[in-house]
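Here's the structure, in structure tokens; my notes come after.
Protein chains: 6
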Amino acid sequence: MTLSHTSTLSLGRLLLTGAAGGLGKVLRPRLRARTTLLRLSDVAAMDPAGPGEEVQQAALEDRAAVHRLLEGMDAVVHLGGISTEQPFDAIVPANIVGTYNLYEAARKHGVRRVVFASSNHVTGYYRQDEVISPDMPMRPDGYYGISKAFGESLSRFYYDRYGIETVCVRIGSSFPEPRDRRMLATWLSYDDLERVVVASLTTPKAGHSVIYGVSDNTPGWWDNTSARHIGYRPQDSSEPFRASREAAQPQVDPEDPAVMYQAGGFVRMGPFE
Amino acid sequence: MTLSHTSTLSLGRLLLTGAAGGLGKVLRPRLRARTTLLRLSDVAAMDPAGPGEEVQQAALEDRAAVHRLLEGMDAVVHLGGISTEQPFDAIVPANIVGTYNLYEAARKHGVRRVVFASSNHVTGYYRQDEVISPDMPMRPDGYYGISKAFGESLSRFYYDRYGIETVCVRIGSSFPEPRDRRMLATWLSYDDLERVVVASLTTPKAGHSVIYGVSDNTPGWWDNTSARHIGYRPQDSSEPFRASREAAQPQVDPEDPAVMYQAGGFVRMGPFE
Amino acid sequence: MTLSHTSTLSLGRLLLTGAAGGLGKVLRPRLRARTTLLRLSDVAAMDPAGPGEEVQQAALEDRAAVHRLLEGMDAVVHLGGISTEQPFDAIVPANIVGTYNLYEAARKHGVRRVVFASSNHVTGYYRQDEVISPDMPMRPDGYYGISKAFGESLSRFYYDRYGIETVCVRIGSSFPEPRDRRMLATWLSYDDLERVVVASLTTPKAGHSVIYGVSDNTPGWWDNTSARHIGYRPQDSSEPFRASREAAQPQVDPEDPAVMYQAGGFVRMGPFE
Amino acid sequence: MTLSHTSTLSLGRLLLTGAAGGLGKVLRPRLRARTTLLRLSDVAAMDPAGPGEEVQQAALEDRAAVHRLLEGMDAVVHLGGISTEQPFDAIVPANIVGTYNLYEAARKHGVRRVVFASSNHVTGYYRQDEVISPDMPMRPDGYYGISKAFGESLSRFYYDRYGIETVCVRIGSSFPEPRDRRMLATWLSYDDLERVVVASLTTPKAGHSVIYGVSDNTPGWWDNTSARHIGYRPQDSSEPFRASREAAQPQVDPEDPAVMYQAGGFVRMGPFE
Amino acid sequence: MTLSHTSTLSLGRLLLTGAAGGLGKVLRPRLRARTTLLRLSDVAAMDPAGPGEEVQQAALEDRAAVHRLLEGMDAVVHLGGISTEQPFDAIVPANIVGTYNLYEAARKHGVRRVVFASSNHVTGYYRQDEVISPDMPMRPDGYYGISKAFGESLSRFYYDRYGIETVCVRIGSSFPEPRDRRMLATWLSYDDLERVVVASLTTPKAGHSVIYGVSDNTPGWWDNTSARHIGYRPQDSSEPFRASREAAQPQVDPEDPAVMYQAGGFVRMGPFE
Amino acid sequence: MTLSHTSTLSLGRLLLTGAAGGLGKVLRPRLRARTTLLRLSDVAAMDPAGPGEEVQQAALEDRAAVHRLLEGMDAVVHLGGISTEQPFDAIVPANIVGTYNLYEAARKHGVRRVVFASSNHVTGYYRQDEVISPDMPMRPDGYYGISKAFGESLSRFYYDRYGIETVCVRIGSSFPEPRDRRMLATWLSYDDLERVVVASLTTPKAGHSVIYGVSDNTPGWWDNTSARHIGYRPQDSSEPFRASREAAQPQVDPEDPAVMYQAGGFVRMGPFE
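Printed below as a string of structure tokens:
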């Protein structure tokens with residue numbers, strides 16, 4: 001069985017937010033190769049536009065700017081916003097107001113599909129000895145996770161009310177390699193990241209779907225069965241990295257909250273005051 | 001079998017937010033009779049404090065004021081904030097930032113239990129021909145519902161992280177009588193409102209629980225089985241009002257979105273721009 | 001809590017098929033009191049039309065006659081067809097072809113709601129020591145049950161494709177009194193029969209719903225929770241008849257297939273050749 | 001709706017073990033009134049046999065004695081054995097070996113039905129803010145609970161292998177009145193105890209069923225829906241006792257393991273060495 | 001891990017109905033190689049019998065002819081009947097009456113296992129953004145699907161009542177290659193078709209099982225977990241065809257009913273009058 | 001995708017009970033290669049201790065001896081006890097009392113993790129045409145299975161009460177090759193046995209987990225999804241042995257209890273008196 005093929009459909013005119021961030025930089029060249037136009041945005045500075053690209057620096061809380069971003073787009077990959085645990089006040093503008101701005105702009109400009117970078121941190125307070133599925137109640141592990149839960153709720157509303165399709169991809173840990181023992185379970189390779197984003201954009205009917213963005217790792221906390229319709233099948237695994245990561249961290253304490261909960265180290269963040 | 005008893009425990013020092021609103025006014029005298037101190041708050045003016053009462057006018061987005069509200073309290077009944085569908089910008093300060101302020105203040109002041117007035121509108125986009133339970137994914141029907149979904153997520157976090165117990169009561173339609181045919185399913189009598197609030201405050205172990213606040217109506221959309229541990233059992237029913245409400249509204253169109261979805265008329269609100 | 005009220009809405013122009021049968025005769029006067037016009041039909045002769053009634057004798061397999069039946073109707077209560085276990089060939093014309101004829105006629109004449117008299121015999125091969133719900137796979141106990149399973153499938157299609165709403169009421173055992181020990185579990189009183197039919201006709205949104213038609217008996221095999229939205233709440237119980245029915249049948253053998261399966265005596269019928 | 005009737009069937013020749021214990025004494029006169037012969041047994045001395053009674057003192061670990069107990073019986077109500085938390089070695093003879101002896105004797109003597117007094121302590125390590133059903137995995141809270149879990153497994157085997165029917169009744173707290181706040185959830189009145197035992201003995205098909213033995217209390221931890229087929233409907237409630245029990249115990253700590261878990265005070269027992 | 005093996009058991013004396021149809025022609029030589037006798041039947045003319053074959057032309061509604069077909073057979077692969085959406089009257093004889101004829105003949109002639117070619121069209125009105133399992137309620141998308149739902153019910157009865165085992169294989173789209181984008185999800189390769197049929201015939205205990213007949217495609221709508229006991233594991237995938245099928249159909253409208261529902265183009269068929 | 005890696009973590013100081021048995025002999029050299037100290041125990045004689053090994057012959061019912069076994073250990077792989085169906089009295093000492101002794105010793109000596117060799121025979125009375133998961137109620141097929149069910153309950157208690165983690169591995173049939181047709185479903189290769197044991201010992205958070213120990217066979221009765229967090233992924237399959245095992249056993253009777261139930265031949269064992 002050969003699994004190396006994935007969609008080769010053009011992604012049309014696509015907006016990528018968060019383009020200056022870690023995953024934004026990874027996806028930029030990969031999406032550019034598949035788009036007729038790739039519009040890039042971030043609150044931070046980005047590399048200048050190459051062929052087939054547009055660059056628009058903008059803060060997500062800047063409503064007018066966000067409306068300009070969506071203009072003429074077919075779809076959005078929304079990585080923008082705060083992507084680490086931070087005080088609540090830091091998270092509201094970009095992740096609460098900014099996500100609202102994005103969906104309102106999508107509605108006004110007739111954009112029909114969004115890939116929303118949600119996070120495994122919306123369910124971080126499930127235990128590491130549980131396997132969960134996307135339809136279980138959310139248990140966020142911090143303000144960042146709460147803001148992603150908000151985005152999932154908001155996008156569900158925009159689908160039910162206005163028909164804008166969203167795939168919420170609860171991204172695990174997307175790095176070149178798994179960095180520690182926790183990531184043996186949560187790792188999403190860059191190639192698999194591309195696969196899940198492309199599948200989300202090209203599946204004929206996305207509806208409002210929630211999926212975990214994770215590679216085909218041997219230890220698994222998340223059961224994606226309910227979202228197999230998306231057409232995402234991971235092809236990488238953390239297994240080749242297991243020996244080295246275990247060697248670096250041979251002892252863990254199962255009673256440590258960071259080991260007990262899927263959140264990992266997020267359980268130790270805060271309170272901030 | 002006699003069902004007329006309910007808890008007679010003292011509710012101690014209790015904060016009631018939203019005290020100037022419709023349900024706040026209903027609960028004020030009922031809770032005062034059970035508390036050692038009832039602190040009342042609202043952004044609007046309230047009747048002056050009677051014996052055993054304190055009145056503190058405050059906006060929920062005023063962090064310092066909210067922290068003063070929680071000082072010395074044993075528990076909170078949080079009705080405050082916007083309780084109708086409104087533009088998003090109107091909802092953020094009271095319902096997003098304000099709920100955060102409330103939980104942060106509870107954490108700092110050691111308040112251990114909150115009754116959070118959530119809403120049936122967190123699941124308004126389920127259909128009227130479905131019976132749902134509190135652990136099914138949320139499908140809010142507007143910005144108000146989204147803000148209540150946010151509050152449920154936030155309170156879950158404060159329980160998982162800090163042990164602050166919350167009962168999220170997804171209130172149906174609490175009025176003296178059911179006003180229309182939809183309310184034959186969603187009605188919560190004032191006596192049952194009191195019962196569900198008192199049960200939520202006095203159950204020995206609340207954890208983080210989600211329950212629908214609804215009377216024992218014959219047509220039912222919500223299955224509270226998973227929250228029977230709270231000790232709430234409704235004793236009223238919309239049935240005596242059925243004939244008159246049907247007579248006033250003999251024809252409904254099952255293809256009308258306001259009839260198709262549990263949201264009712266909320267499906268027609270917005271967009272606001 | 002008073003439970004004696006039920007809908008007093010007019011049932012409009014209503015077709016009742018199977019009007020010459022046992023339950024048809026029970027429902028005829030009860031429905032006439034609530035309709036503007038009650039059209040009665042059966043393959044057998046019926047009492048002449050009284051005020052507010054029309055009588056049209058017709059075989060369900062007579063397509064043209066069935067189309068005349070549906071003309072001008074608002075809704076249908078479809079009791080017609082074979083209602084006992086019989087050889088397959090006897091069941092096809094009325095229950096397979098006849099039910100198709102009815103739904104095609106409903107589609108052509110714009111009739112928007114049907115109450116379909118299904119039967120507990122669609123699930124008769126579940127065991128008496130199981131409690132089942134309407135969304136579990138069907139296990140019919142004979143050709144009659146198979147034909148009712150067919151009717152449920154057919155009506156689901158007419159809802160999904162053409163929006164014709166149906167409540168499939170899986171009737172237990174509707175008699176003046178429970179006749180034997182099995183009926184202590186399956187009994188549907190005539191008053192509760194009326195209640196479930198009226199609720200099915202008057203609920204604002206029926207969609208395609210499946211419900212067991214059973215009174216509030218103490219031994220229960222069927223869990224109607226998933227159809228509480230219909231607004232049916234039984235008010236009778238087999239309990240007052242328990243002593244006499246047990247006295248008449250003090251010994252049963254739990255290994256007897258008629259005791260092992262919910263089907264009861266139907267497990268002994270057939271094969272017919 | 002009148003719920004005062006229950007089965008009046010004769011219970012035939014019945015063995016009651018544990019007849020000298022608290023519940024044995026409650027059930028003795030109630031069962032004697034319904035049996036043709038009531039054989040009573042306990043390791044301790046019992047009141048002498050009255051009319052229609054036989055008394056056989058026996059230890060459950062005495063295999064020959066247990067075989068004599070079962071001889072000629074139609075059914076068994078097995079309350080015998082240790083019914084409190086004790087060191088493991090104390091529990092093995094009566095609850096492990098003794099229960100095996102009982103089922104082997106039932107097999108040899110052709111006894112076809114057993115009511116096995118299991119206990120809520122087989123699931124004591126679920127939390128008080130969970131509602132559980134009998135088909136969820138067991139989480140015993142001590143050696144006593146483990147021995148009851150063993151009895152449930154053993155009786156399942158005797159049903160699957162030899163057709164001996166058992167109703168496992170996970171008894172809550174059966175006392176004249178609820179004694180503390182926990183028992184507001186777990187109380188089983190003596191009348192309801194009788195009802196659940198009689199229903200278990202007289203239901204036509206018991207199979208192997210697991211049910212919680214609890215009254216219709218307002219706070220509820222256990223959902224008996226899956227065993228409604230038994231024909232048990234409680235008619236008592238802890239509600240009349242709520243005020244006094246709460247007054248006696250106004251403060252509880254939700255972080256106290258005895259409040260956190262359904263086990264209550266059992267979480268504090270042991271280790272024994 | 002090598003997955004290339006499958007059962008090499010002899011299939012004994014096997015009846016293949018629908019032998020003149022597309023899948024019948026595919027299976028004929030593959031099954032002949034594994035049978036001691038392969039009896040072929042169809043209403044249409046077939047190629048003459050080769051070695052180890054018998055050919056009996058027959059209409060399924062011809063009861064006597066069907067009884068002759070089953071005589072002396074060990075098992076049946078029932079592909080016969082109408083396999084496209086057609087007016088109801090065209091479907092009744094072969095798919096309703098004919099399937100009954102087949103099972104009655106199996107009963108009379110002691111045939112113990114049937115592989116029934118059901119169809120994904122029994123669940124065509126589920127959405128393409130849902131993943132469903134075989135135990136969910138059926139939602140047929142036309143008369144053809146309804147007739148297959150009937151066959152599943154009928155075969156369940158023949159198992160529960162007479163012990164005749166059936167594997168209902170809900171065939172996706174079995175063609176040499178996936179023909180369009182929908183078939184990227186529904187494709188069943190001819191080799192996998194053979195695998196699922198052989199597994200269904202040779203599994204020691206089939207009971208009454210329902211399984212989707214689909215290859216190991218990346219986009220998946222159907223979860224076969226509940227039927228893993230059959231011993232079917234697909235070894236082909238639509239993935240190598242994805243690029244060309246997407247290129248041929250780059251744009252689809254997610255609001256098009258043929259894209260919204262798993263039925264695909266079947267949602268556009270009918271009404272026929 | 002490369003699946004050949006598995007954990008290379010040191011297993012520390014490990015006790016292996018049942019070391020003289022079939023699987024004990026298989027695991028001894030494999031575990032020795034990964035441990036700093038491997039203590040071996042059995043009631044029978046074992047090969048003398050090699051480098052890095054200790055040998056302590058002991059009966060599990062010898063409490064003092066078992067306590068000596070656990071002293072200084074980091075973890076236990078508990079294969080010891082009776083592993084075939086035998087009379088109850090033969091099973092009590094080693095499997096009931098012995099397992100208690102082991103856990104008490106673990107508690108006293110601070111051993112934090114146990115791999116408990118449970119058995120597929122705890123669910124042997126499910127049917128071969130069912131796919132089951134570890135959280136379904138147990139249905140043991142004999143005294144051996146009952147004793148393993150006891151061990152699962154006991155270990156759950158020691159986790160809930162004392163935090164001792166256990167992975168219950170319900171071992172299928174672990175032999176060099178599958179021996180008969182049943183083992184095509186139940187086979188666990190020796191390499192996969194090692195994998196599941198090592199994964200159970202090295203997963204950061206085991207909690208109390210229940211998993212089936214089975215290779216990646218094509219016919220599958222057991223769904224391990226809920227325990228994917230353990231990090232066990234089988235890499236062997238019974239498929240290469242299918243042809244020869246089927247050839248040796250071409251005919252099976254699906255009505256034979258040994259074919260009907262997952263227990264296989266265990267359904268024929270006993271009664272023993």
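Residue numbers (full-length UniProt numbering), protein chains in the order written: chain A, 1 to 273; chain B, 1 to 273; chain C, 1 to 273; chain D, 1 to 273; chain E, 1 to 273; chain F, 1 to 273.
The beta carbon of each residue, even a glycine, is placed where N, CA and C say it ideally should be.
Given the structure is predicted, the values throughout are model-derived calculations rather than measurements.
{"Check": "Rounded separation between Ala248 of chain B and Gln262 of chain B - CA only", "Outcome": "20 angstroms"}
{"Check": "Neighbourhood of Leu79 of chain B by C-beta, 8 angstroms cutoff - its chain only, sequence neighbours within 5 removed", "Outcome": "Leu16, Thr17, Gly18, Ala19, Gly21, Leu23, Gly24, Leu27 and Ala117"}
{"Check": "Residues that Met260 of chain F contacts on chain E, provided the C-beta gap is smaller than 7 angstroms", "Outcome": "Lys205"}
{"Check": "Glu239 of chain E at chain A interface by Cβ criterion, 9 angstroms", "Outcome": "yes"}
{"Check": "Residues that Glu246 of chain E contacts on chain A, provided the C-beta gap is smaller than 9 angstroms", "Outcome": "Ser7, Thr8, Leu9 and Thr202"}
{"Check": "Short-range partners of chain D found in the segment 169 to 195 of chain B, where Cβ spacing is below 7 angstroms", "Outcome": "none"}
{"Check": "Classification of Phe272 of chain D by the beta-carbon crowding that lies within 10 angstroms, buried from 16 upward", "Outcome": "exposed"}
{"Check": "Nearest-angstrom beta carbon gap, Ser153 of chain E and Tyr149 of chain C [assumed within contact, 8 angstroms]", "Outcome": "First, the residue type needs correcting, since residue 149 of chain C is Ala and not Tyr in the sequence shown. Sure, about 4 angstroms apart at Cβ, within 8 angstroms."}
{"Check": "Interface positions of the segment 84 to 96 of chain A facing chain B (Cβ-Cβ less than 8 angstroms), listed along the chain", "Outcome": "Phe88, Val92 and Ile96"}
{"Check": "Spatial distance of Gly207 of chain A from Arg107 of chain A (CA atoms)", "Outcome": "15 angstroms"}
{"Check": "Buried/exposed call for Arg268 of chain E, threshold 16 Cβ in 10 Å", "Outcome": "exposed"}
{"Check": "Bridge partners - Asp42 of chain A, DSSP secondary structure assignment", "Outcome": "A:Gln57"}
{"Check": "Under 9 angstroms between C-beta atoms of His121 of chain B and Phe241 of chain B", "Outcome": "no"}
{"Check": "Length of the line joining the Cα atoms of Thr35 of chain B and Arg181 of chain D", "Outcome": "20 angstroms"}
{"Check": "Burial state of Gln128 of chain D (16 or more Cβ within 10 Å)", "Outcome": "buried"}
{"Check": "Supposed contact pair Leu9 of chain E and Pro219 of chain F - C-beta distance, whole angstroms, cut 8 angstroms", "Outcome": "Not a contact, Cβ separation roughly 13 angstroms."}
{"Check": "Partner residues on chain C for Gly220 of chain B, Cβ-Cβ distance less than 7 angstroms", "Outcome": "Arg228 and His229"}
{"Check": "Close beta carbons around Gly264 of chain C, own chain, < 6 angstroms, minus the five adjacent residues each side", "Outcome": "Arg182 and Ala258"}
{"Check": "Secondary structure, alpha helix (DSSP H): runs of 4+ residues fully inside the segment 134 to 222 of chain A", "Outcome": "143 to 162, 183 to 186 and 190 to 202"}
{"Check": "Contact with chain G by Ala199 of chain E, beta-carbon distance below 9 angstroms", "Outcome": "Among the chains of the structure shown, chain G does not appear; the protein chains present are A, B, C, D, E and F."}
{"Check": "Ile230 of chain E versus Val167 of chain E: straight-line alpha-carbon distance, rounded", "Outcome": "9 angstroms"}
{"Check": "Glu152 of chain F at chain A interface by Cβ criterion, 9 angstroms", "Outcome": "no"}
{"Check": "Residues near Tyr190 of chain F by beta carbon distance below 6 angstroms, same chain, minus five either side", "Outcome": "Val26"}
{"Check": "Limits of the alpha helix (DSSP H) - the one that Gly98 of chain F falls within", "Outcome": "Gly98 to His109"}
{"Check": "Phe116 of chain D - containing alpha helix (DSSP H), residue span", "Outcome": "Per DSSP, Phe116 of chain D belongs to no alpha helix (DSSP H); it is in the beta strand (DSSP E), Arg113 to Ser119."}
{"Check": "Three-state secondary structure assigned by DSSP to Gly12 of chain E", "Outcome": "strand"}
{"Check": "Identity of the residue in C:Pro87, C:Val97 and C:His109 nearest Ile146 of chain E by Cα", "Outcome": "C:Val97"}
{"Check": "Beta carbon of Val131 of chain C nearer than 9 angstroms to that of Arg228 of chain D", "Outcome": "yes"}
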